[in-house]
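In the UniProt record's numbering, the protein residues as written are 1 to 731.
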């Protein structure tokens, strides 16, 4: 029974010492002195704010991309015990003792280090030699810009890690033997490809470029699979469904899960939630939720409400009126009705309250039981404080002469009758008898007499595209005569709501000043919150301002630009985002040579002249296609982007271009060096070239790691290009 104990239990394992050595060197290069400098470095001032908000569970919106990268940075802070208390207000600010600098920078550094062994394995899976794979890994290891970017609380190294992981996983999957289809390994590498693609997109939308490249490759490979007559139709359907599950459904599910976790963590109200809808704000703890929690759900005749414009940008604003009237004549000589002003006001105020009145009754209180307002009902809106009725008529608006003026009606006993009837149209209704709901319903108010729609026309409270001084710089509200479609500036939702109880004006004013609290809560579903947040991320645009270190995409190829990340407050020690000049130049030459050789081979093959064996040609196409294709899809889209660009945006494209260098070198050695002498000479030149790569790495290491501090003369010597901004202190 115990006979198996007579023999020792032996476990054998193959260890690639190249891979182990590369990983150790990569960890040393990225983790050495990671806490230095103990000060805010460049965009740490930006990402650190979000880490602090995660620590405090405060909601925020970042228009730069999805939340996975931010959550990974926050994970580093959480593991280090960061409490979120630090003022991220300037680059170079010294970190206080409660900030775990090493922990915050750890995950980007680990991701950057792991890119080195990933590069090695990718070239091995491309069927390049181990020597070529070692060369690719060493080039990534000695690339100064990748080192700099991975040693701080930034996202590019994490993005590149997931991009390379996706490429490696797909190559592993594609290279599996045909008889291993649907095996555990087959599913593992295919699912890992989809997961890595989703993570890349979840860190930054730039990851979408590589994801699309891999989808195109998978489509091409499946097209070839269709032509395999040995596969049955059932097997082909299985392959199609498996790829669809792993490369489409899984990435979407994971992408949604990133937002689910993001919204679960950030449940408290904060300064960023003001750009969100009232329903979204009400779902957060504190802020608007403290006001709206328990409000009546159904708007009824006699309800006291505030109306928020759905557009919400450039800022939120509420329908508002006050005792001031429109001037008799405007500056341009046009006349007005001299009625009471109606505006959209970007702050909460008692003058934002309105009463929903039944035109057929005089009472301004809610009956018992309440009579709900439904889609299509006719209402009057009575301003709560002044008790004047919302009105519009055929008088030109102050700033928009082609639209109607909106006012609160004052009876001057002249031939200008009140026109104060409005039809309620619920745009997001599910039926034509739907009840007008607090927060949830998006409503259009259509004027009964003129068919004009109540709309906000002022564009910016801060930029001056608003009413003049007589209108207190508030946003203009107009009656839009030609209203096709449902633009958000025409839509309103009830934000604060109570059932009015006081018929007397003085009592009603006291009621309007009091807080609202009742017993009905309103919760948004996750998909509703995700859809709104995703739309805000995609459409919210901060004003792009010219940055000292911004650059154009053309500047990146030749590295005509750099970025000063940090300068020591007293010494000349400094950190710059600068690449290894030899590597960047070699990568450009490799891309040019690959393109020229490919065109040459294509022309020759068209003439039935085959310069290299078919297997070498297929290797040249596949390996080079992935590398050059990866460079192209991660670089060329920036020429179409209207945003402030920086050198670090080029790093994913650069990584692919670096992988192309050993591919071209091995091809030249194997197929263009025909004699032993030529190969020996080529090997010698390669060693000399690689020595120059190492020399450039060492030369720029002081401004990659920020130490040691260099003299003014040594810093001037580093300015290999006149366009580089190496910082020199005035003596």
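In this text, a Cβ means the ideal position worked out from N, Cα and C, and glycines have one as well.
Going by beta carbons, residue 68 and residue 60 fall outside the 7 Å limit. Per DSSP, the continuous alpha helix (DSSP H) segment holding residue 130 begins and ends at 130-141.
For a cut-off of 8 Å, the C-beta gap from residue 275 to residue 536 is around 6 Å, short enough to register as a contact.
Between residue 411 and the set 337, 376, 345, 621, the nearest pair of CA atoms involves 337. One thing to note: residue 443 has its Cβ no nearer than 7 Å to the Cβ of residue 309. Rounded to the nearest whole angstrom, the C-alpha separation of residue 664 and residue 42 is 36 Å.
Residue pairing from DSSP places residue 306 in a beta bridge opposite 353. For residue 346, the closest of 715, 158, 239, 311 by C-alpha to C-alpha distance is 311.
Residue 329 sits in a strand when the DSSP states are folded into three classes.
About 3 Å separates the beta carbon of residue 80 from that of residue 100, a gap short enough to meet the 8 Å contact definition. Residues 92, 94 of the same chain have their beta carbon placed closer than 6 Å to that of residue 39, with the five preceding and five following residues left out of the count. Per DSSP, the beta-bridge partners of residue 380 are 357.
At a Cβ-Cβ threshold of 7 Å, residue 656 and residue 624 do not count as neighbours. Here DSSP, grouped into helix, strand and coil, assigns residue 667 to helix. Out of 159, 152, 13, the CA that lies nearest to the CA of residue 35 is found in 152.
Residue 690 is not bridged by DSSP to any residue. When the alpha-carbon of residue 493 is set against those of 436, 683, 245, the nearest one is in 436.
In this structure residue 693 is in contact with residue 139, their Cβ atoms being roughly 7 Å apart against a cut-off of 8 Å. Apart from the 5 residues on each side of it in sequence, residue 141 sits with its Cβ closer than 8 Å to the Cβ of 22, 25, 26, 29, 116 in its chain, given in chain order.
Taken atom to atom, the span from the alpha-carbon of residue 448 to that of residue 326 is near 23 Å. In the three-state reduction of the DSSP assignment, residue 576 falls in the strand class, which pools E and B. Contact between residue 706 and residue 573 holds: their C-beta atoms lie close to 5 Å from each other, under 8 Å. DSSP, read as helix, strand or coil, puts residue 432 in coil. The alpha helix (DSSP H) runs lying completely inside the UniProt domain "MIR" (370-427) and spanning 4 residues or more number zero.
Between residue 653 and residue 439, the C-beta gap is not smaller than 7 Å, which leaves the two residues out of contact. Considering only 619, 671, 381, the residue with the shortest C-alpha distance to residue 357 is 381. When the five nearest sequence neighbours on each side are left out, the beta carbons in the same chain lying within less than 6 Å of the beta carbon of residue 246 are those of 190, 191, 194, in order along the chain.
Just so you know, the alpha carbons of residue 430 and residue 379 end up roughly 21 Å apart. Take residue 322, set aside five residues on each side of it, and the residues of its chain with a beta-carbon closer than 7 Å to its own are 341, 351, in chain order.
Residue 418 and residue 409 have their C-alpha atoms roughly 6 Å apart. In this structure, residue 495 keeps its C-beta atom at 7 Å or more from the C-beta atom of residue 453. Counting other Cβ atoms within 10 Å of its Cβ, residue 548 stays below 16 and is therefore classed as exposed.
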